[in-house]
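These notes concern the structure reproduced below.
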Amino acid sequence: MITGSALRSSARSAAGRTFAALSGPNYRLWFGGQSISLVGTWMQSVAQSWLVYELTGSAAVLGTVVAMQTLPTLLLGPYAGVWVDRVDKRRLMVGLQSVMGLQALALAVLTLTGTVALWHVYVLAAVLGLNKAFENPARQAFVQELVGRDDLRNAVTLNSVLTNAARAVGPAVAGLVIVAGGTGVCFAVNAASFVAVVTSLLRLDVSALTPTEPAPRAPGQLREGLAYVRGNPDLLVPLVMMALIGCLAYEFPVVLPVVASETFGGNASTYGYLTGAMGVGAVIGGLVVAGRGRTGLPSLVRTALVFGVVLGLAAAAPSLWVALVAMAMVGMASVAFMAGGNSTMQLASEPHMRGRVMALWSVAFLGSTPIGGPVAGWVSEHLGGRGGLALGAVACLAAALIGLPAARRAARAERDGRSADPAAGGDAEEVARGPLR
């Protein structure tokens, strides 16, 4: 018979696994700063998309703006990874986060004074994109310095939970703020929010970090990183899957304004609700992954398959309420795929290669948007928002098919490993991580 105390102990143990990374003071401080900043970031994302749609009424132009914001990652991402491997990541993050705050402030001033034009948005989107080309690999590689290897997967998943909790709150707040005070207020709030994350970085206990040894300057480091990924299926296959899904399925800032405005006849609040529903689902999915999630190709392929199915359901939703439920399921699948792929890549990478590997992951996710953004915009403009969502569903299903052969080989190797060593059968994590060459 299971007693009440046993149930409470089991619940505490599960909670401990789910929030393991938060036991470290440095990660808690960073997590707190990010929790404030990311709400502002999502407010700006919604406000920028709505501002462009108000200025032009064109989903294709909206896709072009998103492409401008992500083109630097495509062009500079691999080189940024080489540079990130050479420098102090905390100091780099302080500088990059400060620049992002100034970018938001400039957009706020232009909008609030009524002088904003489309070319301003293009330029500032490119500035933000240039910054993000370096910030994304630096931030992802910095996580392991905060928590160490043992809690890395949990920290990566909690970061995804945090991002999507902000996605649940930020867009909903942004929709109300846009209706009440305009898009400029959202940009101003985001600018102020960067104070929190910069302060958290400056207050970290540097002695408690576990920094990786900076990679020495040497010729051919970019080629070395590309060859390293190409020779490791545990890195190459997730990267190819993310390139396809990131290109066509994660184009929500392009597709959802059209779904809100044209498919359901709504306004900025409707757009905020759709994005917020996705965020709520992502928080739930992220917490499940944090407590039980596994890395590895078999799990990633299954997640991509589910992602495609729920995107198809969202595309076919007959009403706004059904669409909100479907977008919550999309959020659950999207965070599971992102966290699973991210942690698989990090755990399969050697420390001195991690910056370059994660830069390539950023290129696959964000750098593919200069292609996918305009494509999703064109499809949404000519076939409607449902067509844009259906395009993402097809991309997810295709990615699952691409990853299936490697996933089967990985699952077979895991079963063979368990058969060869029955004592290891209860812990397949190292098998799922793949070779750490």
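Residue numbers (my numbering): 10 to 446.
For each residue, glycine too, the CB sits at the ideal point set by N, CA and C.
This one's a predicted model, so the numbers in the text were calculated from it and none came from an experiment.
query: Proximity below 9 Å, CB of Gly350 to CB of Ala147; result: no
query: Sequence-distant residues of its chain with Cβ nearer than 8 Å to Val182 (five each side left out); result: Val48, Met52, Gly281
query: Continuous beta strand (DSSP E) assignments of at least 3 residues falling wholly in the stretch 46 to 134; result: none
query: Beta-carbon separation (whole angstroms), Glu271 vs Gly394, contact threshold 8 Å; result: 6 Å
query: CB of Ile254 within 9 Å of CB of Phe346, strictly; result: yes
query: Euclidean distance between Cα positions of Gly290 and Ala337; result: 4 Å
query: Anticipated Cβ contact below 8 Å, Ala323 with Ala332, distance rounded; result: 6 Å
query: Within 9 Å, strictly: CB atoms of Trp59 and Ala277; result: yes
query: When Val388, Ala258, Val93, Trp128 are compared against Ala373, the one with the closest alpha-carbon; result: Ala258
query: 3 or more residues per run - each beta strand (DSSP E) lying fully within the stretch 357 to 397; result: none
query: Collapsed DSSP secondary structure at Leu218 in the structure displayed; result: coil
query: Selected residue, minimal CA-CA separation from Val206, among Thr50, Gly396, Ala368; result: Thr50
query: Proximity to Leu265 [Cα-Cα], best of Gly285, Met251, Lys98, Arg99; result: Gly285
query: Host alpha helix (DSSP H) of Gly305 (start-end); result: Premise fails: Gly305 is in no alpha helix (DSSP H) and is neither H nor E.
query: Distance, Val152 Cα to Thr65 Cα; result: 39 Å
query: Whole-number beta carbon distance between Val165 and Ala342, since they are thought to touch under 8 Å; result: Not really, about 17 Å apart at Cβ, beyond 8 Å.
query: Distance, Cys256 Cα to Val91 Cα; result: 23 Å
query: Alpha carbon of Arg212 to alpha carbon of Thr122, nearest angstrom; result: 35 Å
query: Three-state class that DSSP yields for Tyr259 in the structure shown; result: coil
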